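Participant: The structure under discussion is supplied below as structure tokens; questions concerning it will follow.
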Amino acid sequence: MSSPSKRRKLDTGGKQPRGTAKGLEFFFARQRQNNAGTASADAAGGPKSASTELEDEELARKLQAEWDEEMANESKAGGDNTRSASPTSNLAIDDSKPDMEPFAKTEVKSPASLKTTLTLQSTGTAEDAITNTIPLDESPLVFEPSKYLDLLREHWATEGGNASYALLTRCFVLVSGTSSRIKIVDTLVNCLRLLIEGDPSSLLPAVWLATNSISPSYISLELGLGGSAISKALKQVCGLDNRSLKAIYDKYGDAGDVAFEAKKKQSFTLRKPKPLTIKGVHQSLVKIATSQGQGSGQAKQRIVDRLLQDARGGEESRFIVRTLCQHLRIGAVKTTMLIALSRAFLLSRTPDANYSLMSIPELLKLKKEDLAEIWGKAEEVVKACFARRPNYNDLIPVLLEIGISDELLIRCGLTLHIPLRPMLGSITRDLSEMLTKLQGRDFACEYKYDGQRAQVHCDDEGKVSIFSRHLELMTDKYPDLVELVPKIRGEGVSSFIMEGEVVAVDRETGELKSFQTLTNRARKDVEIGSIKIEVCLFAFDLMFLNGQPLLDRSFRERRELLRSLFVEVPHSFTWVKSLDATSSDPETVLDFFKNATESKCEGIMVKILDNLVDIPYMGNGEDQTNEEPEKLATPISKSKAKEKAKGNGATVVGEEKKRKTGSRRKPLLATYEPDKRLDSWLKVKKDYSSSFDTLDLIPIAGWHGQGRKAKWWSPVLLAVRNEETGMLEAVCKCMSGFTDAFYKVVKQFYDDGEDSGERKNTRSQKPSFIEYPGPMPDVWFEPQEVWEMAFADVTLSPTYTAAIGLVSDERGLSLRFPRFLRKRDDKGLEDASTNEFLAGLWRKQEAKAVTGEAKGAKGEDDELERAEDEE
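As structure tokens, this is what we get:
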């Protein structure tokens, strides 16, 4: 059977010019002509007369008019996401029908009854009307999944019984359309609850899709898709040429927005789209990531094509493309998802589960503080589980079975060859601040080596796994350590998880080498015989021993086990150099710090040795945890901050102080706390002890320079991260500290295509995930690098919105006299400084200023007294 397009060519008889659009009149005219030729052969029982054909044509036009009217009504109700179809081009033909004859013989039916044979609507704008009406952004204590589940199950039954991708898209649209943390979490919670109660098997793939990943960090599963695959799919599916696609991209800049606009321009399809499901989309991504060998490129392209063909409407297309690009940007970062999961499982369970739930009527009666406490306890359990075993494939099935309980910590505890998220240290600006914070406590000072942090796992069979700070598997990078690790086990040691620093060394002398030297070592498939850069593992902690976790033991106990049960191998395996001291030994600590910096170390780490809960903590409490449960209950959104800015513009520093004063402080313990940044570990780096602070910022845009720098980017716009929303917030421009050689490298890396004709790592339009209200730069960078920047002060800014709402309702923060120091090859975007950290620097700076003013006033009083005595 020939295709409809081929049949049209045959019907023309060569008389119709190629490329000319053929309307319905053409087909009826040909039919009348054919019927007229055979009318004399069978006048009584033959084909219909011309008058009958005219009635069929009129019938077709009547159906078209009815359809246009219905589409117009839907367009008014649904906004500009739908539009009426043209009678000549917007034909979506079900490929199950052999030809178009049924159209000429169809009886008068309602448009809804014709959908199974012929759809005259524009396929590019068809939306899922069922999910679009669900108020996912309601408070979880008001939202009732049972109201919508029956309708959703009936709707999903037509699609194989699995939850539709349209539900997840609805969630993404609402989340990306707000800057309110409360709304983001509420929307995720309600979406998760619908899946928990309606289709539990789709929950796990939904969580992976919402967190913009398909596997944990330690499993190397990358999509490996280039921009060309997505561009090719958009051109093929939406009928665009290179010029049209480039025009859309130049206008919108974001790949997802380009897909949205391209889908709206799609006017027909010869294959009825098969609605996407959450499971199906996730499985497609896994297939793309696992496709290898000959023909894998074509296989990946077919999967991408099919995903975009089946996407219903512009929004599904937008988020499918963003997922394929690995830039979802909906603010559902790891912390947000864990919070949403904890709340969802307090309120919902699967039909066959029997664990107890929280009573919603009782929760509604609670005060905000009491409710935050209940949320916070559940969040801590889920976060602790994920910190010990960071894999949703392990966490979600257990949650579906037992919900939120203490058993969850047992079922999702430490496991060999699965990395736990490392504990982090807080930054102190000088030794005196550190000594003040740890007053009255015994602590250990350790060299902070300039190397790569490594987490080493070894089981009782001698199998070794080595993970980076970011949980990436790097066993292949260090085959020499893999061979060495089983040999360092002392008597009675069968299995362990150890943490240390891998440092490049001179194997003969033991001299330490720089981190730059270590980066020159190959990353994969390293052969022992070809190793030119030798390394030494400096161990500093022990978290697991002979099947037992040691996280709840004090640092003194963990260190004693590490040093007594393992065998030192000179210049290959040893412990970090350390010194035990107290706050009454400032001179000793200072000498140790100087020795560390002279030995090519970054500085020192200071760690509390014992759990002394009775000694009051002298720090400011700002860095006690990554997140506080109460913080989520009363955030200050950007929109609210801007509204207040129009009023009196009063700052919220006083409110911040009240919240800090009233918050509960945890005791400073010596236990190992995965994925937390606590003051029980403090780092003092040599850069911090100088006259300026440093920040790790992300370059996001640039302007053409002037004069000698006209061919380079100068200045460069830099940003901090907002961990809660996933946004990058511009904080300053910098044009100081760059060398001409570095300018050239930056211009080549961020190429706007003016000279080369091809863009590289740049955009013409501002990405949706960047917050910058100032004058538009000449080019936007694809965020990829981290630069270390020095500065004189942190200042309130009327231009920049970084950290707005954290220290002031009307102003963000900026940097005074920023200066480029170096590019941080050892850090990814997730390691860049955050807006919270920037706000913390500003508070410390203001506190020091107040102290300085008090000292200045006291000095003036003393001078006045002396003058009075002399008189």
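Positions 263 to 1133 (the working numbering) are the ones given, in order, by the sequence shown.
No residue lacks a Cβ here, since even glycine has one placed at the ideal position from N, Cα and C.
All values derive from a computational prediction rather than experimental measurement.
#1: Give me, in chain order, the residues of the same chain whose beta-carbon lies closer than 7 Å to that of MET696; leave out the 5 immediate sequence neighbours on both sides.
#2: Does the count of Cβ pairs from the stretch 493-511 and the stretch 552-571 closer than 8 Å reach three?
#3: What first and last residue would you give for the alpha helix (DSSP H) that runs through MET696?
#4: Can LEU1075 and ALA1052 be called in contact, C-beta distance under 7 Å?
#5: Does the stretch 961-973 touch the stretch 731-742, meaning 3 or more C-beta pairs lie closer than 8 Å?
#6: Quick one: give me the first and last residue of the beta strand (DSSP E) that ALA766 is part of.
#7: Determine, using beta carbons only, whether CYS863 and LYS1089 come nearer to each other than 7 Å.
#8: Can you tell me whether DSSP reads PRO1037 as helix, strand or coil?
#9: Around the Cβ of SER438, are there at least 16 other Cβ atoms within 10 angstroms (buried) or fewer (exposed)?
#10: Does DSSP put GLU734 in a helix, in a strand, or in coil?
#11: Could you tell me if THR771 is buried or exposed, where buried requires 16 or more neighbouring beta carbons within 10 angstroms of its beta carbon?
#12: Got a sec? Which residues, its chain only, sit under 7 Å from VAL451 by beta carbon, not counting five neighbours each side?
#13: Exposed or buried, which one is ASN504 when buried takes at least 16 other CB atoms within 10 Å?
#14: Are there 16 or more other CB atoms within 10 angstroms of the CB of ASP512, so buried, or fewer, so exposed?
#15: Counting along the chain, where does the alpha helix (DSSP H) carrying MET599 start and finish?
#16: Under three-state DSSP, which class holds PRO977?
#17: Under the three-state reduction of DSSP, which class applies to GLU1044: helix, strand or coil?
#18: Under the DSSP definition of a beta bridge, which residues are partnered with ILE1056?
#19: Identify which residue in LEU813, ARG825 and ARG703 has its Cα closest to the Cα of VAL755.
#20: Count the other CB atoms, across all protein chains shown, that sit within 10 Å of the CB of PHE365; report buried if there are 16 or more and exposed otherwise.
#21: Applying the criterion that 16 or more other CB atoms from any shown protein chain within 10 Å of the CB defines a buried residue, is PHE1079 buried or exposed?
#22: May I have the straight-line CA-CA distance separating GLY967 from GLN1046, to the nearest angstrom?
#23: Let's see if you can read the secondary structure: which residues bound the alpha helix (DSSP H) around GLN498?
#24: Please report the straight-line C-alpha distance between GLU830 and VAL797, rounded to a whole angstrom.
#25: What's the C-alpha gap between ALA521 and LYS1028?
#26: Take THR781 and list the residues in its own chain whose beta-carbon comes closer than 7 Å to its own, dropping the five residues that flank it on each side.
#27: Report yes if the CB atom of ARG574 is closer than 7 Å to the CB atom of ASP390, and no otherwise.
#28: Which word fits ASP519, buried or exposed, when buried means at least 16 other C-beta atoms lie within 10 angstroms of its C-beta?
#29: Since TRP1049 and LEU980 should fall inside the 8 Å C-beta cutoff, what is the C-beta to C-beta distance between them, to a whole number of angstroms?
#30: Per DSSP, what kind of secondary structure is CYS674 in: helix, strand or coil?
#31: Would you check if there are 3 or more beta carbon pairs closer than 8 Å linking the stretch 707-722 to the stretch 664-671?
#32: May I have the straight-line CA-CA distance separating LYS1009 from CYS996, to the nearest angstrom?
#33: Should LYS409 go down as buried or exposed, given a rule of 16 or more other Cβ atoms within 10 Å for buried?
#34: Could you tell me the distance, in whole angstroms, from the CA atom of PHE758 to the CA atom of THR1063?
#35: Would PHE1031 and TYR1012 qualify as a contact pair, given that the criterion is a beta-carbon distance under 7 Å?
#36: Tell me whether the beta-carbon of PRO1039 lies closer than 7 Å to the beta-carbon of TRP965.
Facilitator: Looking at the atomic coordinates:
#1: THR690, VAL868, LEU944 and VAL946
#2: yes
#3: 693-699
#4: no
#5: Contact check between the stretch 731-742 and the stretch 961-973: fewer than three CB pairs, one atom from each, fall below 8 Å, which does not count as touching.
#6: 758-766
#7: no
#8: coil
#9: buried
#10: coil
#11: Burial call: exposed.
#12: PRO402, ALA602, ARG605 and ALA606
#13: exposed
#14: exposed
#15: 596-609
#16: strand
#17: coil
#18: It is Val, not Ile, that sits at residue 1056 in the sequence shown. Paired residue(s): LEU1077.
#19: ARG825
#20: Interpretation of PHE365 is limited by its pLDDT of 31, a score under 50 that renders its predicted location unreliable; the figure taken from the coordinates is listed afterwards. So PHE365 ends up on the buried side.
#21: exposed
#22: 22 Å
#23: Per DSSP, GLN498 is one residue of the alpha helix (DSSP H) stretching across 489-500.
#24: 14 Å
#25: Spanning the two alpha carbons is a distance of roughly 16 Å.
#26: ASP1087
#27: ARG574 places its beta carbon less than 7 Å from that of ASP390.
#28: buried
#29: 7 Å
#30: coil
#31: no
#32: Rounded to the nearest angstrom, the two C-alpha atoms are 15 Å apart.
#33: exposed
#34: Rounded to the nearest angstrom, the two C-alpha atoms are 46 Å apart.
#35: no
#36: The criterion of a C-beta distance shorter than 7 Å is satisfied by PRO1039 and TRP965.
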